[in-house]
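Novice: Top line first, the protein sequences correspond to chains Z and L. Per the working numbering, residue 3 is the first one in the first sequence, and the count goes up by one each step. Per the working numbering, residue 377 is the first one in the second sequence, and the count goes up by one each step. Quick reminder that beta carbons are idealized off the backbone N, C-alpha and C, glycines included. These numbers come from a predicted model, not from an experiment.
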Amino acid sequence: MRTALTLLIALGAVLALSLTACKKEDNSAGTSGVTDDTVKIGLFVSTTGDYATFGGDTKNGVDLAVEEINAAGGINGKKIDLKFQDTASKPEEGGSAAVKLATQENVLVAMGAVASGISLSAAPVFQKNGIPMISPSSTNPTVTQQGDQIFRICFLDDFQGAACAVFARKDLKKEKAAILMNQDDAYSTGLGKFFKAKFEKLGGKVVAEESFKAKTSEFNTQITNIKNANPDIIFVPAYYNDVALIGKQFRSQGVDVPLLGGDGWESGKLIPNAGPGTLDGCYFGNHYSQADDREVVKNFVANYKKKYGEAPSSLAALGYDDVYVAKKAIENAGAFDRAKIREALANLKDFEGVTGKFSIDENRNARKPISMLKIEGEKFNLVRQIQPGEVE
Amino acid sequence: MLPLLETEAPGITAELILQQVANGVAKGSVYALIAVGYTMVYGVLQLINFAHGEVYMLGAYFSYYPAKWFGYVPETGEKPKVPLYLIGALFVGSMAACAAVGMLIERLAYRPLRNSSRLAALITAIGVSLFLQNAGQMVFGADPKGFPVFMDQESVPLGPIELANTKLVIIVVAAIMMTGLHLFVQRTKPGAAMRACSFDMRTARLMGVNVDRTVAMTFALGSAMAAVGGVLVAMDQPRLTPLMGLMMGLKAFIAAVLGGIGSIPGAALGGLVLGVAESVVGTWSTTYAEAVAFIVLILVLLVKPSGLLGKSGREKV
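#1: Going by DSSP, what residues sit across from L:Ile537 in a beta bridge?
#2: Helix, strand or coil: which one does DSSP assign to Z:Tyr241?
#3: Give me whichever residues DSSP pairs with Z:Ser373 in a beta bridge.
#4: Quick check: what's the CA-CA separation for L:Ala465 versus L:Ala402?
#5: Starting from the beta carbon of L:Gln509, find every residue of chain Z whose beta carbon is closer than 8 Å, and list them in chain order.
#6: What are the residues in the stretch 207-224 of chain Z lying within 8 Å of chain L by C-beta distance?
#7: DSSP on L:Thr594, reduced to helix/strand/coil?
#8: If you measure beta-carbon to beta-carbon, which residues of the stretch 247-267 of chain Z are closer than 8 Å to chain L?
#9: Taking DSSP as the reference, what is the three-state secondary structure of Z:Asn349?
#10: DSSP three-state call for L:Gln509: helix, strand or coil?
#11: I'd like the span of the alpha helix (DSSP H) that includes Z:Glu69, first residue to last.
#12: Kindly list the residues whose CB is nearer than 6 Å to the CB of Z:Ser30, restricted to its own chain and excluding five residues on each side of it in sequence; keep chain order.
#13: Anything in chain Z within Cβ reach of L:Met623, meaning under 9 Å, just list it in chain order.
#14: Evaluate Z:Trp267 with the Cβ neighbour count: other Cβ atoms within 10 Å of its Cβ, from every protein chain shown; 16 or more gives buried, anything less gives exposed.
#15: Measure how close the beta-carbons of L:Val676 and L:Leu634 come, nearest whole angstrom, since I'm counting them as under 8 Å.
#16: Please name the residue, chosen from Z:Val41, Z:Ala67, Z:Tyr53, Z:Phe221, that lies closest to Z:Asp83 on a Cα-to-Cα basis.
#17: Would you mind giving the Cβ-Cβ distance between Z:Gly63 and Z:Gly321, rounded to the nearest angstrom? I have them listed as a contact below 8 Å.
#18: Let me check understanding here. Comparing Cα to Cα, which of Z:Gln129, Z:Gly287, Z:Thr226 lies closest to Z:Phe2?
#19: Which residues share a DSSP beta bridge with Z:Met135?
#20: Of the residues that make up the stretch 274-293 of chain Z, which ones have a beta carbon closer than 7 Å to any beta carbon in chain L?
#21: Nearest-angstrom Cα distance between Z:Lys26 and Z:Val101?
#22: So with CB distances below 7 Å, who are the chain Z contacts of L:Ala540?
#23: Return the CA-CA distance between L:Pro442 and Z:Ala188, expressed in angstroms with no decimal places.
#24: Rounded to whole angstroms, what is the Cα-Cα separation between Z:Lys61 and Z:Ala318?
#25: Rounded to whole angstroms, what is the Cα-Cα separation between Z:Tyr241 and Z:Ala341?
#26: Taking 8 Å as the CB-CB limit, is Z:Asn367 close to chain L?
#27: Roughly how many whole angstroms lie between the Cα atoms of Z:Ala348 and Z:Glu333?
#28: What is the DSSP secondary structure of L:Met583, reduced to helix, strand or coil?
#29: Under DSSP, the alpha helix (DSSP H) around Z:Thr362 begins and ends at which residues?
#30: What are the residues of the stretch 227-244 of chain Z that lie near chain L, defined by any Cβ-Cβ distance shorter than 7 Å?
#31: Quick one: Cα of L:Ala518 to Cα of L:Ala472, how far?
#32: Whose C-alpha, out of Z:Asp159, Z:Phe286, Z:Gln389, Z:Glu380, is nearest the C-alpha of Z:Gly279?
#33: Measure from the alpha carbon of Z:Val259 to the alpha carbon of each residue in Z:Pro314, Z:Lys271, Z:Leu174, then state which is nearest.
#34: Kindly say whether Z:Gln185, judged by its beta-carbon, lies nearer than 8 Å to any beta-carbon of chain L.
#35: Write down the C-beta distance between L:Leu650 and L:Ala665 rounded to the nearest angstrom, noting that I regard them as a contact closer than 8 Å.
#36: CA-CA distance, Z:Ser98 and Z:Asn365?
Written out as structure tokens, the structure reads:
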């Protein structure tokens with residue numbers, strides 16, 4: 003009898019709680035992400051789990067931009083109130099973070115995520131709620147195909163792969179390329195595919211195509227095959243961890259041909275892990291270059307170093323640009339109105355960002371240049387930027 | 377039709393195949409070092425010690441921390457000359473630490489279950505493996521660590537082929553260790569005790585063999601061999617992660633089964649065959665190398681279910 007009574011009381015308490023919770027939500031649904039002096043902007047990236055460094059860098063860039071904007075008076079007089087959700091490197095967390103940002107926090111605009119898988123699980127929620135979502139760095143083509151509210155400000159893998167091929171063929175004048183890719187990673191095989199298509203179209207020859215399994219650290223078999231094919235450039239679309247080992251093992255087998263790669267190479271750990279000199283004279287494409295002498299880049303790099311004590315990565319730069327794109331769109335819209343902000347985003351032209359000057363195209367993707375960098379000692383020096391027009 | 381034999385490389389020559397065989401021998405030597413741990417424990421206890429791959433991982437980490445004191449640390453760029461005895465001490469230290477870990481695992485996780493069902497022990501082994509992986513992520517961090525460099529990797533010409541100096545070290549050290557282990561088991565008294573336990577544990581006990589001590593020694597020896605593998609691989613492929621034992625453990629286990637589980641020369645042979653099969657198949661297609669290598673293994677086991685050098689038939693009831 004007593005147990006039944008306790009249960010009844012507990013049930014009553016739960017009901018009462020859930021009722022008040024519902025009521026609270028009802029209250030906030032009326033407003034649309036703004037108060038008298040603040041504007042709510044959502045951010046969802048992974049600051050824990052496998053992609054923690056990517057998400058952490060992105061958030062650092064975002065925080066810096068928000069700080070700068072608020073110090074300068076905010077957006078049209080309203081300070082940014084950043085609502086952050088950690089997606090813990092799990093795709094399913096993208097969806098629940100999106101629900102929280104859309105319904106509970108009721109943000110005006112959302113920013114995120116880095117990993118395409120997480121963006122893909124969040125996008126339908128924002129699409130349904132009519133909230134513009136701007137991904138800083140999800141490169142999978144399908145992300146922005148989720149609906150007309152979904153935008154991104156980074157280049158796509160097809161452009162990146164093709165641009166590397168243009169660089170190898172036209173700038174470096176290479177004729178025989180070998181490709182070494184991670185067969186378990188769509189990013190890696192995607193870049194490999196687009197590189198190959200463009201390189202062959204430009205009259206080059208792909209003499210060896212090798213792949214390795216994720217988490218291997220032994221590449222001798224592949225390297226022997228590549229060495230046997232005698233290429234004059236080796237395209238390695240992999241992440242820096244693998245690239246450091248691959249570079250080392252190529253050199254230890256006496257292969258001195260330059261390696262070429264994509265934005266996965268960028269990390270402060272690339273050179274220390276590979277050892278000094280190993281990757282000298284190798285190239286990779288990236289979202290921006292710290293050596294870029296435009297005013298906006300210089301300011302960003304200086305302020306970032308001051309705040310965090312380290313040089314900003316591409317992901318930090320993209321996070322930073324993401325906030326300024328949102329600001330620009332709200333200003334262009336002239337109102338804190340999601341439909342108008344969406345229009346302004348879709349029509350964004352010649353935005354001067356840290357990661358280059360870019361416009362949003364009809365597919366809601368950024369049309370922007372890629373920076374080709376050369377590794378010299380500890381430094382990544384800018385060789386040149388390749389514009390989208392050169393690749394098409 | 378798989379695009380398997382559709383080669384794009386210009387000409388598959390005898391030199392190329394020979395080079396791949398050499399690559400495979402280097403790879404297989406490591407498999408062999410770890411496979412003996414599986415095989416010895418199985419021989420004595422009929423237990424598949426799934427935590428063995430993690431002991432290999434620990435071996436690499438146990439050498440990483442002391443190595444940071446005297447090795448070349450990538451972050452600073454200094455490159456001291458490391459005397460040979462220090463490298464030797466690194467191996468011995470890691471072996472001793474892993475032997476202790478191996479004995480500890482046996483004492484805490486397996487000995488209490490020695491008389492329960494084999495399935496219980498097997499599940500415990502999987503549990504220990506998961507525990508060590510996750511504890512490793514907590515203690516060492518999930519981030520990959522770059523191993524300090526002792527010798528610059530460079531290729532050494534060997535007739536028509538060449539091999540990195542670190543690979544040569546792997547092959548030589550592994551061969552010495554395996555031979556030493558074989559001699560220990562065949563020629564010494566503790567080795568005879570091990571063989572006796574493997575043959576019939578109860579009778580061995582009646583004959584005055586200290587079974588508990590012999591089992592502990594088996595774990596210690598196997599773990600020490602795995603530690604050698606861990607240090608060798610860390611020197612050759614300087615990227616340590618707490619999950620590095622997973623795939624390596626699996627491959628080594630397969631090598632042990634292929635060679636005939638319970639047999640030490642079998643483990644050595646199985647490791648080499650697996651390594652060479654992977655590398656040589658990789659000449660045509662690196663994408664399908666592992667798949668094809670495993671098909672080869674299945675075929676071998678279909679023809680000879682007890683493995684290449686395994687004794688057939690005698691199952692204890």
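Specialist: So, to answer that:
#1: DSSP, once it has assigned bridges, lists L:Leu534 as partnering L:Ile537.
#2: If DSSP states are grouped into helix, strand and coil, Z:Tyr241 belongs with coil.
#3: DSSP output for Z:Ser373 lists Z:Asn288, Z:Gln387 as bridge partner(s).
#4: Between L:Ala465 and L:Ala402, the C-alpha separation is close to 23 Å.
#5: What L:Gln509 touches in chain Z: nothing, since even the nearest Cβ is about 13 Å away.
#6: Cβ contacts with chain L come from Val208, Val209, Ala210, Glu211, Glu212, Ser213, Phe214, Lys215, Lys217, Thr218, Ser219, Glu220, Asn222, Thr223, Gln224.
#7: In this structure, DSSP gives L:Thr594 a helical state, which the three-state scheme calls helix.
#8: So the close ones are Leu247, Lys250, Gln251, Arg253, Ser254, Gln255, Gly256.
#9: Z:Asn349 falls in the coil class under three-state DSSP.
#10: L:Gln509 sits in a helix when the DSSP states are folded into three classes.
#11: Run containing Z:Glu69: 54-73, per the alpha helix (DSSP H) assignment.
#12: Bear in mind that a pLDDT of 39 at Z:Ser30, under 50, signals an unreliable position, so the number given afterwards is only what the model happens to contain. These residues qualify, in order along the chain: Asn108.
#13: What L:Met623 touches in chain Z: Lys215, Lys217, Thr218.
#14: With a threshold of 16 other beta carbon atoms within 10 Å, Z:Trp267 meets it and is buried.
#15: Between L:Leu634 and L:Val676 the Cβ distance is about 6 Å, and since that is below 8 Å, they are a contact.
#16: For the residues Z:Val41, Z:Ala67, Z:Tyr53, Z:Phe221, the minimum Cα distance to Z:Asp83 belongs to Z:Val41.
#17: That pair is a contact at about 3 Å.
#18: Absent from the structure is residue 2 of chain Z, since the part of chain Z shown begins at 3 and ends at 394.
#19: Beta-bridge pairing links Z:Met135 to Z:Ala112, Z:Ile152.
#20: Among the residues of the stretch 274-293 of chain Z, those with a Cβ less than 7 Å away from any Cβ of chain L are Pro274, Asn275, Gly277, Pro278, in the order of the chain.
#21: Only weak support is given to the placement of Z:Lys26: the predicted model assigns it a pLDDT of 42, under 50, and the value that follows is read from those uncertain coordinates. Computed Cα separation, rounded: 16 Å.
#22: What L:Ala540 touches in chain Z: Ser254, Gln255.
#23: If you take the alpha carbons of L:Pro442 and Z:Ala188, they lie about 38 Å apart.
#24: Z:Lys61 and Z:Ala318: Cα-Cα distance of roughly 7 Å.
#25: Rounded to the nearest angstrom, the two C-alpha atoms are 38 Å apart.
#26: No, its Cβ sits nowhere closer than 8 Å to a Cβ of chain L.
#27: Near 14 Å, if we compare the C-alpha coordinates of Z:Glu333 and Z:Ala348.
#28: It is coil, neither helix nor strand.
#29: Note that residue 362 of chain Z is Ile in the sequence shown here, rather than Thr. Where Z:Ile362 is concerned, there is no enclosing alpha helix (DSSP H), although the beta strand (DSSP E) it sits in stretches over 358-362.
#30: Within the stretch 227-244 of chain Z, Asn227, Asn230, Ala231, Asn243 place their CB atoms closer than 7 Å to a CB of chain L, listed in sequence order.
#31: In a straight line, the C-alpha of L:Ala518 is about 25 Å away from that of L:Ala472.
#32: Minimum Cα distance to Z:Gly279 is reached at Z:Glu380.
#33: It is Z:Leu174.
#34: At least one chain L Cβ lies under 8 Å of Z:Gln185.
#35: For L:Leu650 against L:Ala665, the beta-carbon gap comes to about 11 Å, at or over 8 Å, which does not count as contact.
#36: If I take the Cα positions, the gap works out to 26 Å.
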